[in-house]
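If you use the numbering used here, the sequence shown corresponds to residues 85 to 808, in order.
Structure first, then comments.
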Amino acid sequence: MTKFQTTTRAIVVTALICLIGCGGEEKTGTCDESSTTGLDKSAVASLNDQFGGAKGSYSFDASVVTGASKRFTFQLANTANALTSAPLRVKQVKLTESDAGDNAVSQPAFRCEMLDGSPCSGSAFPPLIPTGDVACAPAGAKTGMSFDIIYDGTITTDSRKATVTLVLEGDPKKATIEVKFGTTQGEPRLACDPKNINFGTVAADNKPLVETVKCRSIGSAPVQIETIELFSTTQPPITVTVAGISDTVTLKTPYTGQPPLTVKPGASVDLDIELGSLTAEDQLGATLQVTSNDSTGAKKVFISANSSGPCLKPSPNAATFGDVPLGQPTKVEILLDSCGTEAVTIESIALKDGSSADLQLDYATGSFVNNVAPSAEEPLVLQPNGQESFRVVCTPSTLDSEALGTVLIQSKELPLRELAVSCKPAKQQCPIACIDSVLPAQTVVPQTTLTLSAKCSKAGTGHVIDKYTWSISQPDASQATLKPNNKVKVVSFQPNIAGEYKFSLEVADEVGTPGCGPVSKIVTVVPDNKLHVELTWETAGDKDQTDNKGTDLDLHIAHPDAKTVSGQVDLDGNGEPDWWWAQCYDNFWLNPNPEWGDPFDVFDNPSVDLDDTDGWGPENLSMAVPETETWYAVGVYVWDDANMGPSKPRIRIYINKELVIDRVGPPLKERDMWCVGEISYDPLATTLNAKAKLFRPCKGADSNGDLITSKYPTVSPAKNLKCQ
85 MTKFQTTTRA
95 IVVTALICLI
105 GCGGEEKTGT
115 CDESSTTGLD
125 KSAVASLNDQ
135 FGGAKGSYSF
145 DASVVTGASK
155 RFTFQLANTA
165 NALTSAPLRV
175 KQVKLTESDA
185 GDNAVSQPAF
195 RCEMLDGSPC
205 SGSAFPPLIP
215 TGDVACAPAG
225 AKTGMSFDII
235 YDGTITTDSR
245 KATVTLVLEG
255 DPKKATIEVK
265 FGTTQGEPRL
275 ACDPKNINFG
285 TVAADNKPLV
295 ETVKCRSIGS
305 APVQIETIEL
315 FSTTQPPITV
325 TVAGISDTVT
335 LKTPYTGQPP
345 LTVKPGASVD
355 LDIELGSLTA
365 EDQLGATLQV
375 TSNDSTGAKK
385 VFISANSSGP
395 CLKPSPNAAT
405 FGDVPLGQPT
415 KVEILLDSCG
425 TEAVTIESIA
435 LKDGSSADLQ
445 LDYATGSFVN
455 NVAPSAEEPL
465 VLQPNGQESF
475 RVVCTPSTLD
485 SEALGTVLIQ
495 SKELPLRELA
505 VSCKPAKQQC
515 PIACIDSVLP
525 AQTVVPQTTL
535 TLSAKCSKAG
545 TGHVIDKYTW
555 SISQPDASQA
565 TLKPNNKVKV
575 VSFQPNIAGE
585 YKFSLEVADE
595 VGTPGCGPVS
605 KIVTVVPDNK
615 LHVELTWETA
625 GDKDQTDNKG
635 TDLDLHIAHP
645 DAKTVSGQVD
655 LDGNGEPDWW
665 WAQCYDNFWL
675 NPNPEWGDPF
685 DVFDNPSVDL
695 DDTDGWGPEN
705 LSMAVPETET
715 WYAVGVYVWD
725 DANMGPSKPR
735 IRIYINKELV
745 IDRVGPPLKE
755 RDMWCVGEIS
765 YDPLATTLNA
775 KAKLFRPCKG
785 ADSNGDLITS
795 KYPTVSPAKN
805 LKCQ
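In structure tokens form, the structure reads like this:
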């Protein structure tokens, strides 16, 4: 006889004896714990809901239950082996309830009921045995028992928390089963579509174009719009009209919550994006950002026009001379900037028929063949980012009329451009302000020292220019100043932030005669590296951000290998080693020029281009050609608050000379480390939308995309973090 046959016969005999000798709930004979089978007996408790195995917690939106009830049905069973099982008993059922602040409630909204409607209790549960265990079943035993947890929506509109505890007997591994319940009063959710608006190719002097963004409330609670803002460094003529709000949103006038704008569940609000008339076929980009009580964060819409193809930007877009003395030739320089992704072929630059005879064009300034106007046979070809200039000359011959005209610029790829010219003859010989060509160029990279001279300015006959007044309009956050001051003939200036700078000059002679009018030059600052990261900040407690006293924030960019460096700890609590202070792989002022990536390729190495220690910034980090398929972390650390309080940082990230990320961070205190996000590089990403996808939040970031670690340890300046 085999071991299997012997065991089977013993089991059958035992079962027969139990069927004859076991009565009621008490076990006798061979059915007690010392059964001749030699097996220990125990129960295995199992709780299921209507979908299968019960979860440890349940959360639901109580706002959709108002005036009704919500029922959760459970079944408790004993899933032990029938041959080795003991009955499972429920000794007690406990239900506790509190409000969202864990305070006891006077009127519970949750209750536990048996299937017959009676309250749950230990005595309401019979002994539970496995299916098939009929040999020693106690009186009234069942194979499963169901009960309901019911939420009454008429009791309260506030959030509640409840815990149901079953106290068990018979399962040595599970003395209790606990199930938690929680309610929320609706979840506001906002969706804004489309997420990208491309106006396509837009010619100068276009009629206004309008696209509509629909922001829908897709959650179960009303959405409260808090802000609607526009961000851009190109200052495009974009306005946003919001349904129900009288004031339009512009770059300078955001919507800030007044009057209140509430979107009920299932409803929507329209945002009409209007692109006004352009002065040139300039490439432009902007970001529309809508913040609300949606905990998933702000919704963004990317707006673009002329983002690809040829583009030509004349600067200035009109030649206005002001007052010009009789018979005195005066010149205005027009800069032509190829601002697109394809070359521009200029076939003609000429004065329109009917223009004043006092106006002429001068081509002796650059690459014009034989210093004459371009033609279809000998065009002027400007490659992307290329520049050329010509001059409009006015020599007034009479006081009787203003010299008016129009310059026509015809290219092969773009519509005809027209530049208005006006030159007013003056009997009084007012001083004429003039700015020599900006050196080294009118399009430069950050940190280029510019020289601007007023030496070409002219006073009237018998007089000399005695007073120079320079002024500058610069990008937001830039606090740079003219050197040595703004009252001298020749000034210098170092633009450290990417964007457009406008330099203006006014003059007066020795007897106080004011100039005929101000003149201006525009300089465009564009990063030339594939990746350029720029940090600026504002500190409310710093009353003069241009002096040598102020807060010190540090910009970091870290390689993913930073997390593999021995000794890196997880201080930000996101489940993996931190990026910061890692030897070799954290690029900041203590490690300004590390060797990353290919050791034979210097172009994939980062560098600290600028480190500011006394307020506002900027701090710049750049990489000529980053590694592909690599995600770098960008961080900001508050090294010293100079006892001036929190600072609000602003991060701008450029990829291939285009602004991709423009983000204002949360207020930071001393020793705060802000993981801004992760950035990658893809040479095939040529559009703004494609580049925007190369940025993502740091792991562990909150709903706003921020990961901030307070009191982050400061690294010693004496520590060697350079690559070995």
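Don't be surprised by glycine CBs; every beta carbon is placed ideally from N, CA and C.
Asked	Found
Residue burial classification, G749 (beta-carbon count within 10 angstroms, cutoff 16)	buried
Inter-residue spacing [alpha-carbon to alpha-carbon] between S451 and K551	35 Å
Neighbour-count burial assignment, L160, 16 or more Cβ in a 10 Å radius	buried
Ordered list of beta strand (DSSP E) runs contained in the stretch 383-448, each at least 3 residues	383-389, 396-399, 402-409, 414-422, 428-435 and 443-446
Residues bridged to P733 [DSSP beta-bridge criterion]	W621
Backbone secondary structure at V286 - three-state DSSP	coil
Candidates I387, D407, Q467 and S439, of which the one nearest L396 by Cα	Q467
Exposure label - S130; buried when at least 16 CB within 10 Å	buried
Sub-8 Å separation of K775 and I739 beta-carbons	yes
C-beta atoms of D756 and S706 nearer than 8 Å	no
Same chain only: Cβ atoms within 6 Å of K806, ignoring 5 sequence neighbours per side	N675
Cutoff 8 Å; reference E762; Cβ partners in own chain excluding five residues on either side	W715, Y716, A717, V718, F779, R780, P781 and C782
Cβ-based neighbour list, G789, same chain, cut-off 7 Å, excluding 5 preceding and 5 following	G381, G761 and P781
Which residues DSSP lists as bridging A642, in chain order	D670 and A717
Which residues DSSP lists as bridging I302, in chain order	Answer is none; I302 lacks a bridge partner.
Host beta strand (DSSP E) of A246 (start-end)	R244 to E253
CB contact flag (P611, K741, <8 Å)	yes
Exposure of S562, with buried meaning 16 or more beta-carbon neighbours within 10 Å	buried
Residues that DSSP places opposite V799 in a beta bridge	Paired residue(s): none; V799 is not in a bridge.
For I312 and V294, believed in contact at Cβ under 8 Å, the rounded distance	The pair is not a contact, with the Cβ atoms about 16 Å apart (cut-off 8 Å).
Collapsed DSSP secondary structure at D688 in the structure displayed	helix
Contact check, F386 vs N773, beta carbons under 8 Å	yes
Local Cβ density within 10 Å of S764, reported as buried at 16 or more and exposed below that	buried
Beta-carbon proximity list for A170, same chain, < 6 Å, skipping 5 on both sides	K125, S126, A127 and G254
Integer-rounded CB distance, given that T180 should sit under 8 Å from T247	5 Å
Whole-angstrom distance between R244 and F144, CA atom to CA atom	10 Å
Backbone secondary structure at E502 - three-state DSSP	strand
CA nearest to the CA of L503, picked from V333, P400 and T163	P400
Own chain partners of G657 with C-beta closer than 7 Å, once the 5 adjacent residues on each side are dropped	G784
Between the CA atoms of N290 and V297 - distance to the nearest angstrom	21 Å
6 Å CB neighbourhood of S141 in its chain, flanking five on each side removed	K264
For S453, the three-state DSSP class (helix, strand or coil)	The residue asked about is misnamed: residue 453 is Val in this sequence, not Ser. Three-state DSSP puts V453 in a helix.
Length of the line joining the Cα atoms of S439 and A538	29 Å
Contacts around R195, its chain only, beta-carbon distance under 8 Å, and the 5 residues preceding and following it disregarded	L179, P203, I233, I234 and D236
Touch test, the stretch 569-582 against the stretch 597-605, Cβ-Cβ under 8 Å, three pairs minimum	no
Cα-Cα separation, L619 to L410	51 Å
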